[in-house]
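J.: I have a structure here, written as C-alpha cells, and I will follow up with some questions on it.
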Amino acid sequence: MDQKNWEEVKEWLLELKVIDDEVSSPAQIRRLDLSGHALSELPESFGVLHELIALNLSGNQLQSLPESMVSLTKMTNLDLRRNHFSKLPKVLPSLHLRSLNLNGNMLDDVSELKELKE
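Residue 11 in the working numbering sits at position 9 of the sequence shown, and the numbers go up by one each step.
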C-alpha cells in the first residue's frame with residue numbers, strides 16, 4: 003500500500019514542480035514547501051511521507067488536512083498561514099509539533115494546542 007501511495011504523492015508533487023524525478027523514495031523528503039500553490043486539498047496518501055520534519059502549506063486554500071497526516075510522526079514544523087481554516091484540523095493535536103503557524107485563518111479556538119512551544 004505504501005508504494006502505491008508513494009507513487010500517487012510523487013506524481014502529484016512532480017506536477018506541482020516541487021520535487022524532481024530524481025526523488026525515488028518518500029524517505030528522501032524531509033522538508034517540503036507547498037506554499038502559494040492554490041491547493042484546496044492534499045491527497046489522502048500524503049501520510050506516506052514518514053520522514054517529513056517541516057511542511058510549508060502557507061498561502062493556499064486549504065480548509066482541512068487528510069487524516070493520514072497522523073503518520074507524520076517526525077514532523078515538528080508546520081506552516082498553515084493564510085489558508086481557509088475556520089476550525090482546527092482534527093489531525094493537529096495528534097502531531098508532535100514544536101512550531102505551528104496558523105496566522106491569517108478564521109480560527110476562534112486553538113485551546114487544543116496548548117502543548118506547542120511556538
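Each residue gets a CB set at the ideal place from its N, CA and C atoms; glycine is no exception.
Computed from a predicted model, the values in this text were never measured in an experiment.
1. Can you check which of these residues, N103, L102, N62, is closest to H86 by C-alpha distance?
2. Taking contact to mean at least 3 C-beta pairs separated by less than 8 Å, is the segment 62-74 in contact with the segment 34-47?
3. Starting from the Cα of S47, find the closest Cα among D81, L16, S37, K12 and give me that residue.
4. By Cβ distance, which residues of its chain are closer than 7 Å to V93, with the 5 residues on each side in sequence left out?
5. How many whole angstroms separate the CB atoms of L102 and M77, which I take to be in contact at a CB cut-off of 8 Å?
6. Name the DSSP beta bridge partners of A56, please?
7. Quick one: is L129 buried, meaning 16 or more other Cβ sit within 10 Å of its Cβ, or exposed?
8. For N105, does the count of other Cβ atoms within 10 angstroms reach 16, so buried, or fall short, so exposed?
9. Comparing alpha-carbon positions, which option in N7, D110, L109 lies nearest H52?
T.: Checking against the coordinates, here is how it stands:
1. Position 84 of the sequence shown holds residue 86. Nearest option by C-alpha distance: N62.
2. yes
3. Locating residue 47 in the sequence shown gives position 45, where the first residue counts as 1. Considering only alpha carbons, the answer is K12.
4. The residue given as residue 93 occupies position 91 in the sequence shown. If we look at V93 and ignore the five residues flanking it on each side, its Cβ neighbours are L67, E69, M71, V72.
5. Locating residue 102 in the sequence shown gives position 100, where the first residue counts as 1. Locating residue 77 in the sequence shown gives position 75, where the first residue counts as 1. Going by Cβ atoms, the distance from L102 to M77 rounds to 10 Å, so no, they are not a contact pair.
6. For this step, residue 56 is matched to residue 54 along the sequence shown. DSSP lists R33, N79 as partners of A56.
7. Within the shown structure, residues of the chain are numbered from 3 to 120, placing residue 129 beyond reach of any answer.
8. Taking the sequence shown and counting its residues from 1, one reaches residue 105 at position 103. N105 should be labelled exposed.
9. Reading the sequence shown from its first residue, position 50 is the one you call residue 52. Answer by Cα proximity: N7.
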